[in-house]
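K.L.:
Reading the sequence shown from the start, the letters are residues 400 to 902 in our numbering. For each residue, glycine too, the CB sits at the ideal point set by N, CA and C.
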Amino acid sequence: MRSVSIAIGIILGVVFASSVRGAPPNVVLFLVDDLGWQDIAVPLHAEPTETNRRYRTPNVEALAARGVVFTDAYAASPVCSPTRCGIMTGLHPARLHITDWIGHYGPADQPAPKDGRREHSVGLPDWNRAGLGPDDVTLPRLLHEQGYRTIHVGKAHFGSRGTPGADPRTLGFDVNIAGNHLGGPGSYEAADAFMADNPGHQVPGLERYHGTDINLTDALTVEASRAIGDAVADGVPFLLHFAHYSVHAPIQAHRSLVQPYLDAGLTPPQARYASMVESVDHSFGSVIATLERLGVLDDTIIVFTSDNGPLTAHSGPPTTAFPLKGGKGTAYEGGTRVPLIIAGPGVSTARTSVVVSVIDLLPTVLALTGHPDAAAHDARVDGDDCSSLLRGETTTLARGDEFMVHYPHYWWTERGPYDTPGIEPFTAIRVDGWKLIWFYNDGGRWELYDLVTDLGETNDRAGRTETRDVETRLRTRLLDWMDAVAAQRMVDRATGAPVGPTR
């Protein structure tokens, strides 16, 4: 078996470049798949937790030390494709009608589960299963028009198999490395051709590594660093959308990193997962080192984030979002609250509890890069420009402490839908520290939580006299928002009539 070195400097050679003062900044958007709020060493809770101490992420810690750390940042959805499409467009998945992951297991009519669990009475809306397409206004397209080289590396999952959106180049990327319709790899091992026994899940475009001993995360890092070097050598600003497949299932050990976690007494699933997290941090550190070596680190905006909460509804489980409740796919905080750290030219050093969402990234990046139409796009999209917050010019956003999420779907496996609490169709709103959730099943129900005193969502206060005014206010705001973005309701299986919360 051939051996591939992951020493980026050796592979690429050393290229020195002086940054051009006055040129627009580069942008690196580093997106980790399924990385939870607690899955880094940077504490996002009031105090470091046992989970924070489990993970070795010194490069992310270094970014946090020189940038803005958001403790209350949210993905646009508890699953991947809606969030990714929201990042690309600045639009809420509910407006896009891309409200579930592309290539879902379950058929449209969702028959009774194979294992005998009951069939629910509400069915799916006619959502946008195709995903994004060439007519969508996207961040890479907008930056490409301003002379940026736009580079995608890793997982895309913007469009379903056979649609134009499955190829990131139709969305404005000049370069696509390893991205298509896939939501996860068959294997992280090049020895398995990144597919194991599942050709339908083979990561594309990395054939040069097949039969070697390199890990997928490392191979993508080589490719990303090479693409950065090419852009710098050509003297053009660049957007690098580096979207790792890791730490998505399969939870597969990085062989060179897993043993210390086993020695520390972690369970095998926990150790495998921790090695994947550390490998992503190594990758992030390699990208930072490449930027520094090429002389462009100080001229690069860097964003580190995730697309949804961690995989906790899984055998093991390999991690936890505690003190948050739930994980990927759930209506609770663990499903959508994610790490978000931003650093770069003009960005202050701070820690903030301002509520933000990844759909804010498009208008924010346009403002930070000096796009001539930044204000117009800020007004057009659902996300908000957070550049003043990043510069330390303000400590609030005009919209206040508000976040909505809309997931009118069942999370299916090959055996049927999960029965994990919170993994069911829902629509939710967070305002002023309160969170109201509508669950669609069984005639529908409300749950209400005070996140200020009950971050773990253990005390449901819906229907109580003392919280009636709060519940009414949040319900009205949520329904107004659903109407404004044309959020699709679920349907009654028997009549086809829309089903959802009412005023």
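Out of Lys834, Phe641, Pro649, Thr864, point me to the one whose CA is closest to Gly583's CA.
P.N.:
Counted from its first residue, the sequence shown places residue 583 at position 184. It is Pro649.
K.L.:
Would DSSP call Ala595 helix, strand or coil?
P.N.:
Counted from its first residue, the sequence shown places residue 595 at position 196. Note: Ala595 maps to coil in three-state DSSP.
K.L.:
How is the beta strand (DSSP E) around Arg863 delimited, first residue to last?
P.N.:
In the sequence shown, the residue the question calls residue 863 occupies position 464. Unbroken run through Arg863: none, as it is neither H nor E.
K.L.:
Please state the DSSP three-state secondary structure of Trp880.
P.N.:
What you label residue 880 is simply residue 481 of the sequence shown in a count that begins at 1. DSSP places Trp880 in helix when its eight states are reduced to three.
K.L.:
If you count every other CB in all the chains shown that lies within 10 Å of the CB of Asn425, and 16 or more means buried, which is it?
P.N.:
Here residue 425 corresponds to residue number 26 of the sequence shown, with the count starting at 1. The residue is buried, with at least 16 neighbouring Cβ atoms inside 10 Å.
K.L.:
Quick one, which of Val635, Val657, Gly726, His681 has its alpha-carbon nearest Ile822's?
P.N.:
As a first step, residue 822 is located in the sequence shown; it is residue number 423 there, counting from the start. Out of Val635, Val657, Gly726, His681, Gly726 has the C-alpha closest to the C-alpha of Ile822.
K.L.:
Which ranges does the alpha helix (DSSP H) cover as unbroken runs of at least 4 residues, wholly within the segment 643-670, from first to last along the chain?
P.N.:
658-662
K.L.:
Using only alpha-carbon positions, find the residue among Val552, Leu531, Thr735 that is nearest to Ser559.
P.N.:
Mapped onto the sequence shown, residue 559 falls at position 160. Taking only the C-alpha atoms, the option nearest Ser559 is Leu531.
K.L.:
Using the beta-carbon count (16 or more within 10 Å), is Asp508 buried or exposed?
P.N.:
As a working mapping, residue 508 is identified with position 109 in the sequence shown. With a pLDDT of 37 at Asp508, under the threshold of 50, the modelled position of that residue is not reliable, and the figure given next carries that caveat. With fewer than 16 other Cβ atoms within 10 Å, it is exposed.
K.L.:
Looking at Ile701 and the ligand ZN, is the gap between the Cβ and the nearest heavy atom below 7 Å?
P.N.:
Although the ligand ZN was asked about, the structure shown includes no ligands whatsoever.
K.L.:
Determine, using beta-carbon pairs with one atom in the segment 737-752 and one in the segment 459-473, whether at least three such pairs fall under 8 Å.
P.N.:
yes
K.L.:
Buried or exposed for Val851, going by 16 or more other Cβ atoms inside 10 Å?
P.N.:
Taking the sequence shown and counting its residues from 1, one reaches residue 851 at position 452. Val851 is exposed by the Cβ-count criterion.
K.L.:
Near Val602, which residues of its chain fall below 6 Å by C-beta distance, leaving aside the five closest residues on each side in sequence?
P.N.:
Taking the first residue of the sequence shown as position 1, residue 602 is located at position 203. The answer, listed in chain order, is Ala577, Pro584, Phe593.
K.L.:
Taking Cβ to Cβ, would you say Val676 is nearer than 8 Å to Val695?
P.N.:
Position 277 of the sequence shown, counted from the first residue, corresponds to residue 676. Position 296 of the sequence shown, counted from the first residue, corresponds to residue 695. Their beta carbons are not under 8 Å apart, which means Val676 does not touch Val695 by this criterion.
K.L.:
Does the count of Cβ pairs from the segment 748-768 and the segment 479-493 closer than 8 Å reach three?
P.N.:
The segment 748-768, when compared against the segment 479-493, does touch it at the 8 Å Cβ threshold.
K.L.:
Assign Gln887 to one of two classes, buried (16 or more other C-beta atoms within 10 Å of its C-beta) or exposed (fewer than that).
P.N.:
By 1-based counting over the sequence shown, the position of residue 887 is 488. It is buried - the Cβ of Gln887 has at least 16 other Cβ atoms within 10 Å.
K.L.:
Mapping DSSP to helix, strand and coil, what is Ala406?
P.N.:
Counting from 1 along the sequence shown, the entry for residue 406 is found at position 7. Annotation note: pLDDT 40 at Ala406 (below 50); position unreliable, no value reported.
K.L.:
Determine the burial state of Asp891: buried for a count of at least 16 other Cβ atoms within 10 Å of its Cβ, exposed for fewer.
P.N.:
Taking the first residue of the sequence shown as position 1, residue 891 is located at position 492. Classification of Asp891: exposed, given that the 10 Å Cβ count is below 16.
K.L.:
Which residues in the same chain have their Cβ closer than 7 Å to the Cβ of Thr866, if we skip the five residues on either side of it in sequence?
P.N.:
By 1-based counting over the sequence shown, the position of residue 866 is 467. Contacts found: Leu847, Arg860.
K.L.:
Going residue by residue through the segment 711-762, where are the continuous alpha helix (DSSP H) segments of at least 4 residues, counting only ones entirely within it?
P.N.:
Here the runs fully enclosed are 732-735.
K.L.:
Report yes or no: do the segment 543-551 and the segment 625-642 share at least 3 C-beta pairs separated by less than 8 Å?
P.N.:
Inter-segment contact for the segment 543-551 and the segment 625-642 is present: three or more beta-carbon pairs are separated by less than 8 Å.
K.L.:
Compare the C-alpha of Gly502 against each of Ala652, Thr894, Asp783, Gly599 and name the closest.
P.N.:
Locating residue 502 in the sequence shown gives position 103, counting from the first residue. The shortest Cα separation from Gly502 among Ala652, Thr894, Asp783, Gly599 belongs to Gly599.
K.L.:
For Gly505, which three-state DSSP category applies?
P.N.:
By one-based count along the sequence shown, residue 505 stands at place 106. Summary for Gly505: the model assigns pLDDT 38, below 50, so the residue's position carries little reliability; its value from the coordinates is reported in the next sentence. Coil, per DSSP.
K.L.:
Can you tell me whether DSSP reads Glu801 as helix, strand or coil?
P.N.:
Locating residue 801 in the sequence shown gives position 402, where the first residue counts as 1. Strand, per DSSP.
K.L.:
With three or more C-beta pairs closer than 8 Å as the rule, is the segment 696-706 touching the segment 431-450?
P.N.:
Flag = yes, the segment 431-450 and the segment 696-706 touch.
K.L.:
Roughly how many angstroms separate the alpha carbons of Pro900 and Asn840, rounded to a whole number?
P.N.:
Start at 1 with the first residue of the sequence shown, and residue 900 comes out as number 501. Start at 1 with the first residue of the sequence shown, and residue 840 comes out as number 441. Pro900 and Asn840: Cα-Cα distance of roughly 11 Å.
K.L.:
Classify Asn579 as helix, strand or coil using the three-state DSSP reduction.
P.N.:
Against the sequence shown, residue 579 aligns to sequence position 180. Coil.
K.L.:
Following the continuous beta strand (DSSP E) through Ile700, name the residue where it begins and the one where it ends.
P.N.:
Locating residue 700 in the sequence shown gives position 301, where the first residue counts as 1. Counting along the chain, the beta strand (DSSP E) containing Ile700 begins and ends at 699-705.
K.L.:
Report the CB separation of Val830 from Leu765 in whole angstroms; it is logged as a contact under 8 Å.
P.N.:
Translated into positions along the sequence shown, residue 830 becomes position 431. Translated into positions along the sequence shown, residue 765 becomes position 366. Between Leu765 and Val830 the Cβ distance is about 26 Å, and since that is not below 8 Å, they are no contact.
K.L.:
In whole angstroms, give me the CA-to-CA distance for Pro447 and Asn575.
P.N.:
To locate residue 447, count along the sequence shown from 1; it is residue 48. To locate residue 575, count along the sequence shown from 1; it is residue 176. Answer to the nearest angstrom: the Cα atoms are 38 Å apart.
K.L.:
Quick check on DSSP: helix, strand or coil for Pro820?
P.N.:
Numbered from 1 along the sequence shown, position 421 holds the residue referred to as residue 820. Here Pro820 sits in coil by DSSP.
K.L.:
Specify, as a first and last residue, the run of the beta strand (DSSP E) that Val468 falls within.
P.N.:
Your numbering for residue 468 matches position 69 in the sequence shown. Unbroken beta strand (DSSP E) run through Val468: 467-473.
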